[in-house]
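Notes follow once the structure below has been shown.
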Amino acid sequence: MTETRPPRGPPPKAEKEDIDKTIGAILPQVENLLSRIGADSGVLARTKASDFGGYHSSVPISFPDGIGRGSVIALLFPHNRKVRLDISIEHNRVFAKSNGEPSDQRCFHNDFMASIQVPVGAVDLSKEFERHVLLGIKNAQEAVGRHNRSPKSGPGWFQIRITERK
């Protein structure tokens, strides 16, 4: 079986223009998606990341228990002659030690990452991907509370405590 690989090196000028047009068409949809995630804050930051020819957008999020801070980060950039979108949660939440002090272990329950490659020339972001992101972010935000309410957790040892990294 022969594997096809994308050509190496920078794309030809016409192909780069098509990639840039695709990024321009998808970027407002990415920002609309982020605004639906951070609806309570309404703050959206966008920067053009010239080092990789794409965009970095973010919106702050909160967690139901009020502990720590987080952001949903979207990176939209050219990748292997296509357009790639990475969306993830960055946060400062860590597991608490028994004395309540922050541990070195990040709270993985609140992590989320999703990626999609958008074909050059596309004008719409996949609705299925949007649903996946919205549900994934919501689940990540609520993960600690859901874990602690689980019948398996019960009162006592299986409860997890969270604090923020200083």
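Position 67, counted from 1, in the sequence shown is what my numbering calls 51; the numbers after and before it change by one each time, with no gaps.
Just so it is clear, CB atoms sit at the ideal spot from N, CA and C, and this is done for glycine as well.
Nearest to Ala106 by C-alpha distance, out of Arg65, Ser87 and Ile10, is Ile10.
Check the Cα spacing between Asn64 and each of Ala124, Gly84, Glu126 and Gly37: the tightest is with Gly37.
When DSSP states are grouped into helix, strand and coil, Leu17 belongs to the helix group. At a Cβ-Cβ threshold of 8 angstroms, Ile51 and Glu148 count as neighbours. Scanning its chain for C-beta atoms nearer than 8 angstroms, with the 5 sequence neighbours on each side dropped, one finds around Ala124 the residues Ile73, His93, Asn94, Asp95 and Phe96, in chain order.
Look at Lys150 here: in three-state DSSP terms it is coil, with no helix or strand label.
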